[in-house]
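Just below is one structure, and these are the notes that go with it.
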Amino acid sequence: MPTLYFFRSPISMYKPSYLHRPGAEPLFALTLGQLAQKAAEEWGEKEALVSVYEEQHYTFREVLEEADRLAAGLLQLGLKPGDRLGIWGPNSSDWYISRVAAARAGLIAVQIDPAYQPPELLHALVKVEAKALICAEQFKCSSCYETVQALIPELNKSAEGGTEITSSKLPALKTLIVMSNKQYRGAYRLKDIISSASTEYIKEVNQLQTLIQPDDGCTIQFSSGTTGNPKAVLQSHHAMVNVSYFFTKNLEFDTMVCLPLE
Numbered sequence: 001m002p003t004l005y006f007f008r009s010p011i012s013m014y015k016p017s018y019l020h021r022p023g024a025e026p027l028f029a030l031t032l033g034q035l036a037q038k039a040a041e042e043w044g045e046k047e048a049l050v051s052v053y054e055e056q057h058y059t060f061r062e063v064l065e066e067a068d069r070l071a072a073g074l075l076q077l078g079l080k081p082g083d084r085l086g087i088w089g090p091n092s093s094d095w096y097i098s099r100v101a102a103a104r105a106g107l108i109a110v111q112i113d114p115a116y117q118p119p120e121l122l123h124a125l126v127k128v129e130a131k132a133l134i135c136a137e138q139f140k141c142s143s144c145y146e147t148v149q150a151l152i153p154e155l156n157k158s159a160e161g162g163t164e165i166t167s168s169k170l171p172a173l174k175t176l177i178v179m180s181n182k183q184y185r186g187a188y189r190l191k192d193i194i195s196s197a198s199t200e201y202i203k204e205v206n207q208l209q210t211l212i213q214p215d216d217g218c219t220i221q222f223s224s225g226t227t228g229n230p231k232a233v234l235q236s237h238h239a240m241v242n243v244s245y246f247f248t249k250n251l252e253f254d255t256m257v258c259l260p261l262e
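The numbering of the sequence shown is UniProt numbering, which starts it at 1 and goes up by one.
Right, here's the structure in full:
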């Protein structure tokens, strides 16, 4: 049996010690944002994302570039590393880009079940003190914007387009972004945040990659809520990167296969 070693974190001198058992393959000391950059450097023109129903294709390089523009746009809006960013919607290319952008900006992405109804969404946003929310336009037959509107009636008094939110129920929430081509009251369009990113803030995103630590918070996921209100669970970059790598490695996901379905 391999020897157990106690040692200071290889990730940051300010973090507590790890109990480490050396294995055949060491764990990665990387953030999710650094991993996205590494993938773009190694496999830049290979496909990273294919969204069939949207007819969208992204290479690893395109994912990084789009995510960095969104990350820069979020910083321009006043978000800071460590702030919680809610992402609420079904699987889509915008969801994926938003997730990578949050990591590149040092934000903690709060992954919210797209089937949540107003009370559940309110609980999630209040629990984590989300400062911004990126939501889909629609999930199945439900309008995501109308669900948010039910929680924030103050949106009815806003003009179309983005503005700072003031909400009695959600005092921490300041920004609403919709994955849509349509303009909504009090909400920014995701594509406008991406297109408005300045060179200065894109440089800031790149500089952040040496400051964000693998032990920093990366994602908040909610439990199923079968025994009460869903519980918020914080995952670090270190956990997300290594669990994802070893899980997919064991499944041998190295080939893309498209099966015709009838």
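Quick reminder that beta carbons are idealized off the backbone N, C-alpha and C, glycines included.
Note that the structure is a prediction, hence the values are computed from the model and not measured.
| Query | Result |
| --- | --- |
| Among R104, P230, G73, A48, nearest to I212 - alpha-carbon criterion | R104 |
| Extent of the continuous beta strand (DSSP E) to which T199 belongs | Taken as a continuous stretch (DSSP letters only), T199 belongs to no beta strand (DSSP E), being part of the alpha helix (DSSP H) at 199–208. |
| Enclosing alpha helix (DSSP H) for L75 [first to last residue] | 60–76 |
| Buried or exposed (CB count within 10 angstroms, at least 16 for buried), C135 | buried |
| Helix, strand or coil at G33 according to DSSP, with G and I counted as helix | helix |
| Whole-Å CB distance - A101 paired with A67, under 8 angstroms assumed | 4 angstroms |
| Sequence-distant residues of the same chain with beta carbon closer than 7 angstroms to G44, five excluded per side | T59, F60, R61 |
| Beta carbon of H185 nearer than 7 angstroms to that of L155 | Just to set this straight, residue 185 is Arg in the shown sequence, not His. In this structure, L155 lies closer than 7 angstroms to R185 by Cβ. |
| Test item: CB-CB of A109 and T219 under 7 angstroms | yes |
| DSSP beta-bridge partners of R189 | V178 |
| Proximity below 7 angstroms, CB of Q111 to CB of Q221 | yes |
| Completely contained alpha helix (DSSP H) runs for the stretch 103–153, where each covers 4 or more residues | 118–128, 144–151 |
| Residue range of the unbroken alpha helix (DSSP H) whose run includes residue 338 | The structure shown does not extend to residue 338, since the chain is modelled only from 1 to 262, so the question has no answer here. |
| Classification of E252 by the beta-carbon crowding that lies within 10 angstroms, buried from 16 upward | exposed |
| Helix, strand or coil at V233 according to DSSP, with G and I counted as helix | strand |
| E25 CB to nearest heavy atom of the ligand SAM below 6 angstroms | In the structure shown, the ligand SAM is absent, as is every other ligand, since no ligand is present at all. |
| For Q221, the first and last residue of its enclosing beta strand (DSSP E) | 217–222 |
| Neighbourhood of Y201 by C-beta, 7 angstroms cutoff - its chain only, sequence neighbours within 5 removed | A72, L75, Q76 |
| Span of the beta strand (DSSP E), counted from its first residue to its last, around E47 | 47–51 |
| 7 angstroms Cβ shell around D94 - same chain, five flanking residues per side excluded | M179, L190 |
| Meets three-Cβ-pair contact criterion under 8 angstroms: the stretch 51–58 and the stretch 117–128 | no |
| For S223, the nearest candidate out of A36, A24, H123, E41 (CA to CA) | H123 |
| Expected contact under 8 angstroms - CB spacing of residue 271 and V241 to nearest Å | No answer is possible for residue 271: it lies beyond the span of the chain, which begins at 1 and ends at 262. |
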